[in-house]
Amino acid sequence: MKKIFSAIAIVFSLTSCEDVIEVEVSDGAIQLVVDAFVNNLAEPQVINLKSTKQFFDEVVQEAFIADSVYIKDDLNNMYFFEDELNDGNYTWDDSVLVHEGRTYALMIKGNGVEYSSINFANPVPDIDSLNWEYSPKTIGAENGGYLVELVARDLIGQADYYWIRFKKNGVYDTRRAGLNLPVDGSFSEESMADGQLFIPPISTFPMFNVEDSLGLKDTATYEIWSLTEGTNGFWSEVLNQSISGGIGALFATPTANVKTNIISTGTELKDQAVGWFSTSLVSSKTIIIKEKEGEKLSFPLF
Amino acid sequence: MNFKNIKSWISIALMLPVLAVAQKFNVSGTVKDGANGETMISAMIYTEDGNYGTATNAYGYYSIELPKGTYTLLFNYSGFATLSKTIIVEGNMKLNVELAAETEEIDVVVVTGKRNTDNFKKVEMSTIELDVKRIEKIPALLGEADVVKAVQLMPGVSSVGEGATGFNVRGGGIDQNLILLDEAPVFNSSHLFGFFSVFNADAVKNVKLIKGGIPSQYGGRLSSVLDIRMREGNKKKVSGQGGVGLLFSRFAIEAPLVKDKASFIIAGRRSYADILAKPFLADNFSDAKFYFYDLTAKVNYDINEKNNVYLSGYFGRDVFAQGFGFNWGNQTATARWNHIFNNKLFMNMTTYYSNYDFKIGVGNQEEGGFQWKGNIKNYSVKPSFTYYLNNNNTIQFGGQSILYEFAPGESEFYAQSFQTGNDTTFDFSQDDRFGLENAIYIGNEQKIKKGIILKYGLRYSMYSYLGPSKEYIYGERSSITESRDTLKVKSYNNGEFIKTYFNPEPRFSAKFDIDSVSSIKTSYNRMSQYIHLMSNTAASTPLDFYSPTTNNVKPQLADQIALGYFRNFGKNLGWETSVEGYYKFLQNQIGYIPTAALQLNDYYEGDLYYGSGRAYGAEFFVRKNQGKLTGWLSLTLAKTEVKMDEVNNGDYYNNRFDKPVVSNLVLNYEFNKKYEMSANFVYNTGAPFTSSSINYGIQGVSVSHNPANVRNNARVPDYHRLDLSFTIHGNEEKKNGNKKLWHGDWVFSAYNTYARRNAFTVYFENENGEPQAIKYSIVGTVIPSITYNFKF
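Going down the list, the protein sequences come from chains A and B.
Letter 7 of the first sequence, counting from 1, is numbered 183 in the working numbering, and no numbers are missing.
Letter 190 of the second sequence, counting from 1, is numbered 191 in the working numbering, and no numbers are missing.
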């Protein structure tokens with residue numbers, strides 16, 4: 177469809193234009209946002225509770241002050257999260273929280289409402305290594321830069337849902353377009369990729385989109401987070417919110433809401449919550465980019 | 002006149018008409034253009050004393066009853082010299098006349114007999130009639146006279162913006178207009194995403210838009226009827242016309258086949274933007290094709306005084322190709338037979354075929370790729386009769402039967418199978434569906450007494466969702482934004498009736514003269530609509546398909562009441578003014594869940610919401626018809642809203658095409674026979690669009706949210722635009738006064754003269770985690786053009 181839009185765009189290219197404008201939108205109901213992506217890493221686990229904000233308000237989201245926040249697993253272990261700074265960051269740092277194969281329940285109490293959610297910790301494959309190679313300037317990568325490829329093999333059996341996260345110099349790529357959500361290391365369950373190596377472009381996906389490309393001495397980190405099918409669905413819906421600009425906007429449908437797995441005991445709109453609770457196992461690999469001989473990308477550059 | 006009087010007149014009108022006592026005879030015939038033999042629609046015929054009068058029908062036929070005696074009959078048509086005929090009525094008689102185009106000299110002579118009284122004298126309200134001469138005077142994009150663009154400058158008519166297919170009438174959707182080209186429906190009225198209409202002005206005779214008080218012979222759409230009649234072709238001599246413009250060229254030729262008895266017209270257009278743009282395109286787009294073309298043709302034969310036959314057809318296509326192919330278009334074919342049984346009974350039998358189809362595809366079975374095509378076909382028979390009972394009662398009755406075939410999507414995807422590695426064809430086709438619509442109607446236009454006319458009628462429509470379509474039965478939604486679960490799918494045999502609906506549709510209009518220059522009119526109509534355009538995008542796309550009415554999708558219904566005041570002023574009553582108010586209530590309106598999958602999805606009905614709608618407004622109109630300066634000013638204040646349980650907490654919300662203020666100023670100044678200048682200025686409220694109202698971050702990724710499932714909660718900025726044009730007319734006559742064989746006009750125009758960047762839509766981008774609204778303007782600059790038009 178994109179190609180069609182670009183061809184149509186030619187017709188209007190001589191006359192069309194785009195400008196940033198101010199838009200008046202009536203206020204929506206403010207709700208609790210649960211950002212609870214906990215994992216098995218030996219580092220503080222943070223559940224972020226905030227309030228939603230009006231669409232065009234350039235303010236930070238306000239912290240949500242809860243009476244209690246805890247996670248309970250199917251072995252009846254309790255993990256109590258505390259917000260010592262009252263900034264909405266509820267933290268647990270006594271022990272490793274997530275273990276493979278366990279079911280976890282999140283409980284939040286606040287404002288006279290109880291919020292709950294359940295998720296499961298799936299296994300994750302190790303990252304064997306990272307390859308990198310310099311890619312000269314091309315369409316979609318105007319500056320040229322290093323492409324980094326992760327080498328990992330999908331776990332055998334069942335459909336495995338992963339979230340590949342990329343960090344440049346320790347900072348996550350948080351653009352919607354950077355969401356990389358393979359199934360069995362490929363695009364979908366139908367790809368019959370079970371137990372295979374992660375395929376390009378999934379194995380290098382974020383690199384196609386990083387605007388400030390990677391150079392020498394930059395650190396690059398890949399993480400694979402194991403997800404449940406539901407969490408994969410959540411991120412897919414976030415991804416679907418990206419609207420193509422230009423002529424594509426003509427044929428865009430209204431932005432659809434993203435689902436939530438937070439259940440509320442409140443009935444009013446303001447007592448509902450948005451957001452997601454996920455329990456993942458994470459594997460990770462970091463390199464510092466340097467000039468090197470030998471091991472390059474597993475596929476030819478353009 | 003007070004309300005009580007109006008009520009008593011209505012009750013009188015409902016009684017059967019009382020036959021006149023004095024012996025009367027019938028005068029009937031056709032009114033034609035003397036220059037080319039074209040029949041004239043809505044020409045006025047009246048006795049000099051003004052006591053008797055009528056107008057020609059869509060085939061140029063009239064019938065008037067006169068008592069024995071001597072009369073001077075005046076035949077009047079805008080732009081033509083009024084013809085005066087003195088007749089002695091002693092028995093029924095035939096009187097065919099031909100009118101000559103007015104020249105300036107004649108204008109002076111006949112000025113006393115000629116009055117512009119159509120507007121307030123006719124019972125029709127909420128109706129706009131335009132002939133092509135008038136349309137040609139309006140400055141148009143790239144200098145090309147356009148039927149639909151002209152209609153959009155009238156009160157009550159709007160469009161979402163540049164790039165939007167179709168037009169909206171009194172708050173209705175683009176699929177709620179019954180667009181008829183020689184009585185065959187046209188499903189997509191736009192070329193090039195709404196920049197041009199599919200109707201070639203060279204082949205069009207008359208355009209009539211009916212927004213309210215819709216007579217009983219029309220049905221099937223809620224909001225309006227756009228009745229476009231094609232020219233028949235010159236019956237006197239070979240002639241032609243055309244134009245060469247920057248975007249496309251036109252050519253039309255017409256000639257008698259048998260002088261004064263049979264003729265034809267063929268008119269074609271082809272755009273060549275792709276050829277002109279080629280040098281400016283990047284290499285990877287150099288094989289790009291984008292163009293449209295259309296061909297309009299008509300043949301007619303006057304077999305004898307009582308029988309005429311007409312065959313007409315339209316074939317048009319838009320093509321976009323660049324590695325892939327994408328094209329769409331309408332085809333229509335109409336055959337008509339006019340038969341005059343006697344002086345009083347006129348019949349028109351129409352049968353038509355109409356098809357809209359699209360094709361899109363890339364690659365082939367060997368290399369991989371996909372093909373997708375869809376269409377909506379319909380076949381119809383439509384007998385209609387006019388019975389001129391007497392001067393006070395003209396009865397129309399008839400019926401219509403339409404068979405619909407919906408093929409929304411036949412799609413194949415070619416790829417290697419993951420399992421076998423062989424080339425495989427995957428079928429993603431959507432099932433075809435069928436519907437049968439029938440209607441019968443009867444209506445009477447009755448003159449109660451001088452100055453009071455009533456028009457009343459009933460249309461009774463029946464629709465069946467027809468096998469071999471399937472019946473889908475759905476359960477509840479798990480949440481308001483989710484699809485319904487499919488419970489059961491039931492197959493039916495060919496011709497089996499799956500679900501049938503009946504709708505009586507009363508129609509009524511009335512006119513009461515206040516004095517000799519003004520009148521009050523009122524109307525009510527109920528309309529039903531059995532086919533529905535499925536479109537959930539900002540602009541309708543050529544891939545949008547029509548859904549039939551099914552067991553799930555109910556017929557849309559609209560009730561409209563309207564009230565208007567009409568008054569003419571000035572010398573020869575050349576200033577025409579009107580104020581109209583309307584209120585519409587709509588049932589079974591359609592909405593969509595946010596993730597609605599409408600295309601190539603047999604279960605699309607599970608993604609629909611149903612609700613009601615309302616639209617109301619006031620329309621102000623001033624038009625100056627005579628003199629060197631002509632033109633009009635229109636202002637529409639309106640609201641159109643829908644209400645669905647699942648959306649916006651069940652409260653009313655704006656329709657996508659809600660435009661509270663729409664105003665147009667159209668001016669034309671004729672300096673002399675050679676030079677002419679036109680301007681139009683358009684101002685309207687920006688169209689609404691849907692914006693998220695809430696924003697939050699998850700793991701640093703920004704997420705948009707719309708807690709109450711609201712729609713159309715924001716607006717693009719106001720729309721305004723000025724267009725100018727300047728025309729130099731070539732001499733039509735040689736120095737010795739003889740007509741030239743060929744003459745041409747140069748039209749210079751500037752569309753969007755002050756280069757306003759009118760937004761079509763707004764989309765959002767994330768700038769450092771904050772949403773940012775970006776307006777997209779399709780036309781953000783002035784578009785100048787030169788066109789050369791010729792006639793021979």
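Note that CB positions come from ideal geometry on N, CA and C, so glycine has one too.
Residue i classed as buried or exposed, judged by whether at least 16 other C-beta atoms fall within 10 angstroms
i: Val110 (chain B); result: Here the model assigns Val110 (chain B) a pLDDT of 34, short of 50, so the residue's position is not dependable, and the following value carries that caveat. Exposed, because fewer than 16 other Cβ atoms sit within 10 Å of the Cβ of Val110 (chain B).
i: Val643 (chain B); result: buried
i: Ile216 (chain A); result: The question names Ile, but residue 216 (chain A) in the sequence shown is Asn. Counting Cβ neighbours within 10 Å, Asn216 (chain A) comes out buried, since at least 16 surround it.
i: Gly333 (chain A); result: exposed
i: Glu106 (chain B); result: In this predicted model, Glu106 (chain B) has a pLDDT of only 41, less than 50, meaning its place in the structure is not dependable enough to derive any value.
i: Asn753 (chain B); result: buried
i: Ser541 (chain B); result: buried
i: Gln366 (chain B); result: exposed
i: Thr436 (chain A); result: buried
i: Lys69 (chain B); result: exposed
i: Ile304 (chain B); result: exposed
i: Ile439 (chain A); result: exposed
i: Asn201 (chain B); result: buried
i: Met41 (chain B); result: buried
i: Glu446 (chain B); result: buried
i: Lys468 (chain A); result: exposed
Of the listed residues the options, nearest to residue i (C-alpha basis)
i: Leu464 (chain A); options: A:Glu444, A:Thr441, A:Trp401 and A:Lys393; result: The residue asked about is misnamed: residue 464 (chain A) is Ile in this sequence, not Leu. Measuring from the Cα of Ile464 (chain A), the nearest candidate turns out to be A:Lys393.
i: Asp432 (chain B); options: B:Ser198, B:Ile441, B:Lys450 and B:Phe407; result: B:Phe407
i: Val210 (chain A); options: A:Leu457, A:Asp269, A:Gly406 and A:Asn265; result: A:Asn265
i: Tyr777 (chain B); options: B:Glu733, B:Pro718, B:Ala322 and B:Ile784; result: B:Pro718
i: Glu444 (chain A); options: A:Arg341, A:Ser244 and A:Gly288; result: A:Gly288
i: Ser664 (chain B); options: B:Tyr720, B:Gly614, B:Phe427 and B:Arg615; result: B:Tyr720
i: Lys491 (chain B); options: B:Tyr473, B:Thr788 and B:Ser480; result: B:Tyr473
i: Ser480 (chain B); options: A:Gln372, A:Asn433, A:Glu276 and A:Leu331; result: A:Asn433
Residue i to residue j span [Cα, whole Å]
i: Ala205 (chain A); j: Ala709 (chain B); result: 8 Å
i: Phe509 (chain B); j: Thr523 (chain B); result: 8 Å
i: Asn650 (chain B); j: Asp447 (chain A); result: 16 Å
i: Leu273 (chain A); j: Tyr255 (chain A); result: 8 Å
i: Ile138 (chain B); j: Ala146 (chain B); result: Looking at the sequence itself, residue 138 (chain B) is Lys, so the reference to Ile does not match. Computed Cα separation, rounded: 8 Å.
i: Ala335 (chain A); j: Glu366 (chain A); result: 10 Å
For residue i, the three-state DSSP class (helix, strand or coil)
i: Thr407 (chain A); result: helix
i: Ser389 (chain A); result: coil
i: Val414 (chain A); result: helix
i: Gln372 (chain B); result: strand
i: Ile136 (chain B); result: helix
i: Arg222 (chain B); result: coil
i: Glu497 (chain B); result: coil
i: Lys299 (chain B); result: strand
i: Ala151 (chain B); result: helix
i: Asp243 (chain A); result: coil
i: Gly324 (chain B); result: coil
i: Gly607 (chain B); result: helix
i: Leu564 (chain B); result: strand
i: Gln177 (chain B); result: helix
i: Asn573 (chain B); result: helix
i: Arg758 (chain B); result: coil
i: Gly781 (chain B); result: coil
Check: residue i C-beta below 7 Å from any heavy atom of the ligand COA
i: Ala256 (chain B); result: Looking at this structure, you won't find the ligand COA or any other ligand, since it has none at all.
Open item on the list: Taking 8 Å as the cut-off, does the stretch 370-378 of chain B touch the stretch 404-414 of chain B (at least 3 CB pairs, one atom from each stretch)?
Closed with: yes
Task: Three CB pairs or more closer than 8 Å across the stretch 690-703 of chain B and the stretch 185-196 of chain B - done: Short answer: they don't touch.
Open item on the list: Does the stretch 166-184 of chain B come into contact with the stretch 674-685 of chain B, if we say contact requires no fewer than three beta-carbon pairs (one atom in each stretch) closer than 8 Å?
Closed with: no
TODO: Decide yes or no for the touch test of the stretch 398-409 of chain A against the stretch 515-522 of chain B: beta carbon pairs closer than 8 Å, at least 3 of them.
DONE: No: the two stretches stay apart, fewer than three of their Cβ pairs being nearer than 8 Å.
Open item on the list: Closer than 8 Å is the cut-off here; do at least three beta carbon pairs connect the stretch 95-105 of chain B with the stretch 163-174 of chain B?
Closed with: no
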